[in-house]
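In terms of our numbering, the sequence shown opens at residue 34 and continues consecutively.
By construction, the Cβ of each residue, glycine as well, lies at the ideal position given by its N, Cα and C atoms.
It should be emphasised that the depicted structure is a prediction, and the values quoted were computed from it without experimental measurement.
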Amino acid sequence: MKLHQKDRFSRRSVLKGAVAGTAISVSLPFLDCMLDDSGTALAAGSPLPVRFGTWFWGLGHTPGHGVEEKSATGPGITFLNECRALEPHKEIINFLGKFNIPLDGRSNYPHESGWIASRSGTAPDKDKEIPAPTFDLLIADAIGNDTRLKTVDLACTGNPNHCYSARGTYTRTAAETSPTALYTRLFGPDFVDPNKADFKPDPRVIVRKSVLSAVKDERQKLMKQIGASDRAQLDEYFTSIRELENQLDVQLQKPAPNEACQVIPAPEGSAVLESNLGVEIEQVLATHETFTRMLSMAVACNQTKVFNMVFNDSLSSLRKAGESLTHHSLSHEERVDPELGLQHQTSWFNTRCMEALATFIDLFGSIREGDGTLLDNVLIIAGSETGDARTHSIDEVPFMTVGRAGGRIKTGLDVRGNADPTTRIGLTAMQIMGLSINSWGTRSLQTSKTISDILA
C-alpha cells in the first residue's frame with residue numbers, strides 16, 4: 034500500500050554520517066513514498082526519465098545456434114545453445130532477426146562495414162571511413178544535454194579504440210577502459226550529489242568553460258585559412274568542443290534531485306583490477322561486471338542518459354589464458370563439426386558473450402526504480418557486426434532490444450525483418466527516444482519504416 038501524500042519523504046532526503054572525520058551523504062533510491070500513487074512518476078508529477086544505451090559484441094552468433102528461426106514475427110523467443118543464458122530474461126528482450134545490410138556494390142570491409150552501416154545509416158566507401166554520425170549520438174543530442182556526462186563509452190578489452198560511436202571518420206569516440214578511472218569520472222571530484230541541499234559551482238569548471246569559449250571565438254578565423262578537407266575535419270572537432278561546453282554549462286547549475294541515486298563505494302582491489310585489463314576472456318568478463326555495476330548506478334544517478342558498452346571488439350581479440358589463437362582467428366581457422374554445424378571453440382566464445390549480456394541485464398534489473406526496475410526505464414540496443422563471422426557475412430546480423438523504455442515498447446517478441454535493412458532498427462530506436470525523424474539512411478539503407486510490432 035502506498036503512503037498518503039502527507040506521509041511522503043522529502044525528495045532531498047539523504048543518509049548522513051562521517052568516516053574518519055569526513056562528512057558523507059548517501060542518496061536514497063526512488064522509494065514508494067517519493068512517488069505518485071501508481072509508482073510510475075515522481076510525487077510532483079515529473080515522469081521517471083527514459084535512458085538509451087547500446088551493448089556491442091563482436092562476431093555475432095553461429096548461424097542456427099543463437100535463436101531458433103521462425104517463419105513470422107510473434108511472441109516468444111526460443112534461445113538456442115549460444116544464447117541459453119538469456120532465457121531468464123526473454124520477457125524483457127525483443128530479438129530482431131533477418132535484417133540485412135545492402136552495400137549497393139561497395140566493398141564489404143570485414144568487421145567494419147556491418148557496424149558502420151547499421152549505426153550510421155550509410156555504408157562506407159573506403160576502409161575505416163565513418164560517413165555519418167552514429168545513431169547513439171543523434172539520440173544524445175536530443176536527450177543528453179541536461180546531464181553532466183552526455184554519453185559514457187566503455188570498452189572491456191583495455192583498448193580505447195574499441196568503440197563504435199562517432200561523429201565521423203576523424204571524431205571516433207575513445208572509450209574508457211579503466212574501472213578506477215571510470216569510478217573517478219562518475220563519482221569523483223566532479224560528481225555533485227543531486228540530493229544535497231547546498232550547491233556551489235566548481236571553480237575548476239568555470240575555468241575550463243572560459244578556456245573553451247576562447248577557443249570557440251577563434252574558430253571562424255582559423256576556418257578561413259585552411260582547405261576544404263581540413264575544414265571538414267575541424268568542423269567535426271569544433272562540434273565536439275561545443276558539446277563539451279554544453280556539458281560544462283550543466284555542471285554550473287544545480288542538478289535536479291534524484292532519489293534513485295546511491296553513491297556506490299570505489300571498487301575494491303583497484304590495483305588488481307588495473308593489472309588484469311586485457312583480452313583474456315576472464316579479464317574481460319571481470320572488467321565488464323565492474324563496469325556494469327558502476328554504469329547502472331551512474332544511469333540511476335542521472336549522471337548520463339546515453340551510454341555505449343563494448344564487451345569485445347568487432348575483430349574479437351578475446352582469447353583463453355595461455356593460448357595464442359583469438360576468438361577471431363578461431364572463427365576462420367577452426368574446423369566445422371560436420372554433424373553439429375559449428376566450430377566448438379568459436380561457439381564457446383560466442384556463448385561467453387551472451388553470458389556477459391545476461392549479467393548486464395541482471396545488474397540493471399537489480400536497481401529498483403518506482404514499481405519496477407531500471408530496466409523498465411531504459412532502451413538498450415544490443416547488436417553485433419556480422420551474421421556469420423566465418424564468411425564475413427553482413428546479412429542476418431543479430432540485434433536485440435532490452436528494456437521497456439518507460440512503457441513505450443512491447444517486449445518478448447521474435448521479430449522477422451524479411452531482409453529489410455538494419456537501419457529500421459536505428460530509426461525505430463530514435464523515434465522511441467523522441468526524435469522527430471521520419472526517415473534515416475542513404476541509398477538502399479534509406480528507410481522510413483519503423484518496427485511497428487514492438488511499439489506500445
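Which of helix, strand or coil does DSSP assign to residue i?
i, result
"residue 368", "coil"
"residue 487", "helix"
"residue 476", "helix"
"residue 113", "coil"
"residue 80", "strand"
"residue 417", "coil"
"residue 88", "strand"
"residue 298", "coil"
"residue 447", "strand"
"residue 193", "coil"
"residue 165", "coil"
"residue 426", "strand"
"residue 118", "helix"
Should residue i be labelled buried (16 or more other beta-carbon atoms within 10 Å of its own) or exposed?
i, result
"residue 424", "exposed"
"residue 209", "buried"
"residue 117", "exposed"
"residue 188", "buried"
"residue 203", "exposed"
"residue 256", "exposed"
"residue 449", "buried"
"residue 258", "exposed"
"residue 105", "exposed"
"residue 346", "buried"
"residue 253", "exposed"
"residue 385", "buried"
"residue 472", "exposed"
"residue 369", "exposed"
Specify, as a first and last residue, the run of the alpha helix (DSSP H) that residue i falls within.
i, result
"residue 168", "168-176"
"residue 314", "314-333"
"residue 463", "456-465"
"residue 149", "146-153"
Under DSSP, the beta strand (DSSP E) around residue i begins and ends at which residues?
i, result
"residue 341", "339-343"
"residue 352", "Unbroken run through residue 352: none, as it is neither H nor E."
"residue 395", "Premise fails: residue 395 lies in the alpha helix (DSSP H), 377-398, not in any beta strand (DSSP E)."
Determine the contact status of residue i and residue j, defining contact as a CB-CB distance below 7 Å.
i, j, result
"residue 409", "residue 441", "no"
"residue 338", "residue 152", "no"
"residue 330", "residue 126", "no"
"residue 467", "residue 456", "no"
"residue 147", "residue 435", "no"
"residue 340", "residue 185", "yes"
"residue 120", "residue 380", "no"
"residue 86", "residue 413", "yes"
"residue 198", "residue 167", "yes"
"residue 389", "residue 344", "yes"
"residue 131", "residue 110", "no"
"residue 403", "residue 81", "yes"
"residue 351", "residue 411", "no"
"residue 326", "residue 396", "yes"
"residue 95", "residue 375", "yes"
"residue 92", "residue 426", "no"
"residue 447", "residue 103", "yes"
"residue 483", "residue 461", "yes"
I'd like to confirm the pairing. Which residues does DSSP put opposite residue i in its beta bridges?
i, result
"residue 127", "434"
"residue 24", "Absent from the model: residue 24. The displayed extent of the chain is 34 to 489, so no value can be given."
"residue 209", "187"
"residue 412", "85"
"residue 405", "402"
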